[in-house]
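Written out below as structure tokens is the structure these notes cover.
There are 2 protein chains.
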Amino acid sequence: MNADADSTRQSLLKAAYEEIHRYGFQAASLNAILDRTGVTKGALYHHFSSKLQLGYAVLDEHIAVELESLWFEPMQQPGHPIEVLMAAIKQLGDHYECEEITLGCPLNNLAQEMSAIDDGFRQRVDTLYQRWQSSIESLLTRGQQQGSVNTSIDAADTAFFILASLEGCMSMAKNAQSHDELMRCGKGLMNYLNSLRA
Amino acid sequence: MNADADSTRQSLLKAAYEEIHRYGFQAASLNAILDRTGVTKGALYHHFSSKLQLGYAVLDEHIAVELESLWFEPMQQPGHPIEVLMAAIKQLGDHYECEEITLGCPLNNLAQEMSAIDDGFRQRVDTLYQRWQSSIESLLTRGQQQGSVNTSIDAADTAFFILASLEGCMSMAKNAQSHDELMRCGKGLMNYLNSLRA
DNA sequence: TGAGATACATACTGGTTGGTATGTTTGATG
DNA sequence: CATCAAACATACCAACCAGTATGTATCTCA
Numbered sequence: 412m413n414a415d416a417d418s419t420r421q422s423l424l425k426a427a428y429e430e431i432h433r434y435g436f437q438a439a440s441l442n443a444i445l446d447r448t449g450v451t452k453g454a455l456y457h458h459f460s461s462k463l464q465l466g467y468a469v470l471d472e473h474i475a476v477e478l479e480s481l482w483f484e485p486m487q488q489p490g491h492p493i494e495v496l497m498a499a500i501k502q503l504g505d506h507y508e509c510e511e512i513t514l515g516c517p518l519n520n521l522a523q524e525m526s527a528i529d530d531g532f533r534q535r536v537d538t539l540y541q542r543w544q545s546s547i548e549s550l551l552t553r554g555q556q557q558g559s560v561n562t563s564i565d566a567a568d569t570a571f572f573i574l575a576s577l578e579g580c581m582s583m584a585k586n587a588q589s590h591d592e593l594m595r596c597g598k599g600l601m602n603y604l605n606s607l608r609a
Numbered sequence: 412m413n414a415d416a417d418s419t420r421q422s423l424l425k426a427a428y429e430e431i432h433r434y435g436f437q438a439a440s441l442n443a444i445l446d447r448t449g450v451t452k453g454a455l456y457h458h459f460s461s462k463l464q465l466g467y468a469v470l471d472e473h474i475a476v477e478l479e480s481l482w483f484e485p486m487q488q489p490g491h492p493i494e495v496l497m498a499a500i501k502q503l504g505d506h507y508e509c510e511e512i513t514l515g516c517p518l519n520n521l522a523q524e525m526s527a528i529d530d531g532f533r534q535r536v537d538t539l540y541q542r543w544q545s546s547i548e549s550l551l552t553r554g555q556q557q558g559s560v561n562t563s564i565d566a567a568d569t570a571f572f573i574l575a576s577l578e579g580c581m582s583m584a585k586n587a588q589s590h591d592e593l594m595r596c597g598k599g600l601m602n603y604l605n606s607l608r609a
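Protein chains in written order, with this note's numbering: chain A, 412 to 609; chain B, 412 to 609.
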């Protein structure tokens, strides 16, 4: 694939991501994506064999990459595990504020919409959630070994609950369409995280 | 409206609820709902002026009623607030197990899908969430007055976080398609609730 | 018993959807 | 320079969608 071809592919992915983020996968219109990019239908079907494959590519190549820089990288920071976690959540909240709270977490949106009706989506989302969860889990385990995190908790279960709460907070904020509600929820989450200290 | 007319209306609401629960509102097909019920299109548009109004009716007359019996009634039980809360959550989890975990919480599904693109849905969901939250809040407040709940927490913020976590847990379980994951998440939630005791 | 409203039933429409068939242009390679 | 595949472009299609126009039973009530 030459450079031009790759750039049209990327612009399709970006436009598809935005369209899906706003309207969901099923309601996302290929024609709208084409209008937005100026790409023609022939070009789209040259790069992606179907709407479904385009959706998978958005997950694999766009959302997964964004999650990498927005979450997995901040989690690599040194320091007190609880504080690293809080900082990562805070950063996620800030980014989330910028790009329209009302659109929700792209990953959670797709999970909600598609996991019950398409297994390809479900498995991809599941893989990302598992990586997400284990990144939290290993942070907690490290803290337990260092003596900075309460050893009476189960790291895996707790990590899972933290992730669920985080998604729940973003979900509630999306519906309330209010940053205040997100902050409110964030407060509850921070309280909980503090209760995990040793 | 006579008894026959009301029963066709109810069967439309039920089928619409099921179709929406599985595929979402936008992807729900009126023809599929008609096939499922044996009702004709003329009858449907006699009872509901549009697909949107049908969707609103599903929220107002089906989901709201279900939430009433599944949550608000159990919350009226006497006893230790934290234990009442836990019992209500457990009951919700049991019911949730029966009717296909993979379909998710009907209210949360609609919130996710529609709140960003239709204000009628958003406001209805918001109202239900607010009632849901304040039912938890008043339980916590009662506990604080009785001395059974930690007085250092903010009842409103905490109630909001509990609700968000609950929705998050159901959301994660939906994607994982596993009751084990729901239980895992429930364990985390129970731990958190226990930490709120005085 | 007759008039009018309620409760349907049937057939249809315009618009949109994802997808395809068939072309043309462009760029790499021998 | 010729060749061939990659990278598009245009026009079209059948299926489906929500919604409507128009007709007909049935039920109520004066």
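Yeah, the Cβ is synthetic: ideal placement off N, Cα and C, and Gly gets one too.
Which residues in the same chain as residue i place their Cβ atom closer than 7 Å to its Cβ, once the five residues preceding and following it in sequence are excluded?
| i | result |
| --- | --- |
| A:GLU511 | none |
| A:LYS452 | LEU445 |
| A:SER526 | PHE532, ARG533, VAL536 |
| A:MET486 | VAL495, ALA499, SER546, LEU550 |
| B:THR552 | ALA566 |
| A:LYS462 | LEU441 |
| B:ASN561 | LEU607, ARG608, ALA609 |
| B:ASN519 | GLU578, MET581, SER582 |
| A:LEU503 | LEU481, TRP482 |
For residue i, decide whether its Cβ has a neighbour in chain A, counting only Cβ atoms nearer than 8 Å.
| i | result |
| --- | --- |
| B:ILE493 | no |
| B:THR513 | yes |
| B:LYS462 | no |
| B:PHE483 | no |
| B:THR569 | yes |
| B:TYR540 | yes |
| B:ARG595 | yes |
| B:SER546 | no |
| B:PHE572 | yes |
| B:SER606 | yes |
Counting only beta-carbon separations shorter than 8 Å, does residue i have a partner in chain B?
| i | result |
| --- | --- |
| A:ASN586 | yes |
| A:LEU550 | no |
| A:MET497 | no |
| A:ALA575 | yes |
| A:TYR603 | yes |
| A:SER582 | yes |
| A:ASP537 | yes |
| A:GLU477 | no |
| A:GLY579 | yes |
| A:LEU455 | no |
| A:LEU465 | no |
| A:LEU470 | no |
| A:LYS598 | yes |
Starting from the Cα of residue i, find the closest Cα among the options and give me that residue.
| i | options | result |
| --- | --- | --- |
| A:PHE532 | A:ALA475, A:ALA499, A:LEU423, A:ALA454 | A:ALA475 |
| B:ASN605 | B:TYR467, B:GLY554, B:LEU481, B:LEU478 | B:GLY554 |
| A:CYS580 | B:MET583, B:LYS585, B:MET581, B:PHE572 | B:PHE572 |
| A:LEU539 | A:GLN557, A:MET497, A:SER559, A:PRO517 | A:PRO517 |
| B:TRP482 | B:TYR603, B:GLY597, B:ASN586, B:LEU574 | B:LEU574 |
| B:HIS432 | B:SER418, B:GLY466, B:LEU577, B:TYR456 | B:GLY466 |
| B:LEU593 | A:CYS509, A:ALA443, A:THR569, A:MET594 | A:THR569 |
| A:TYR507 | A:PHE459, A:GLU578, A:GLY449 | A:GLU578 |
| A:ALA587 | A:SER576, A:THR513, A:GLN544, A:ILE564 | A:THR513 |
| B:VAL469 | B:GLU484, B:ALA454, B:ALA443, B:LEU521 | B:LEU521 |
| A:TYR428 | A:CYS596, A:ARG595, A:TYR603, A:ASP471 | A:ASP471 |
| A:SER460 | A:LYS425, A:ARG420, A:GLY490 | A:ARG420 |
| B:SER563 | A:GLN437, A:GLY599, A:GLY515, A:HIS473 | A:GLY599 |
| A:ARG542 | A:GLY597, A:GLU484, A:CYS509, A:ASP417 | A:GLU484 |
| B:HIS473 | B:GLU548, B:ALA454, B:LEU423, B:SER589 | B:LEU423 |
| B:ASP415 | B:SER589, B:HIS458, B:GLU479 | B:HIS458 |
| B:HIS590 | B:VAL450, B:ASP417, B:LYS501, B:ALA426 | B:LYS501 |
In its own chain, which residues sit with a C-beta less than 6 Å from the C-beta of residue i, not counting the 5 before and 5 after it?
| i | result |
| --- | --- |
| B:ILE435 | The question names Ile, but residue 435 of chain B is Gly in the sequence shown. Closer than 6 Å at Cβ, skipping near neighbours: GLU524. |
| A:GLN391 | The structure shown does not extend to residue 391 of chain A, since chain A is modelled only from 412 to 609, so the question has no answer here. |
| A:GLY515 | LYS585 |
Return the chain-ordered list of same chain residues with a C-beta closer than 8 Å to the C-beta of residue i, the five sequence neighbours on each side being excluded.
| i | result |
| --- | --- |
| B:GLN557 | PRO492 |
| A:GLU430 | ALA439, SER440, ALA443, ILE444, ARG447 |
| A:MET497 | MET601, LEU604 |
| A:LEU455 | LEU423, LEU441, ILE444, LEU445, LEU465 |
Item to check | Every unbroken alpha helix (DSSP H) inside the region 475–562 of chain B [4 residues or more] | outcome: 475–478, 492–509, 517–525, 530–557
Checklist entry - Of the residues that make up the region 502–534 of chain A, which ones have a beta carbon closer than 8 Å to any beta carbon in chain B? => result THR513, LEU514, GLY515, ASN519, ASN520, ALA522, GLN523, GLU524, SER526, ALA527, ILE528, ARG533
Item to check | Members of the region 427–442 of chain A near chain B, C-beta cut-off 9 Å | outcome: ARG433, TYR434, GLY435, GLN437, ALA438
Item to check | Every unbroken alpha helix (DSSP H) within the region 439–472 of chain A, with a cutoff of 4 residues, ordered by chain | outcome: List check, alpha helix (DSSP H) in window: 441–448, 452–458, 462–468.
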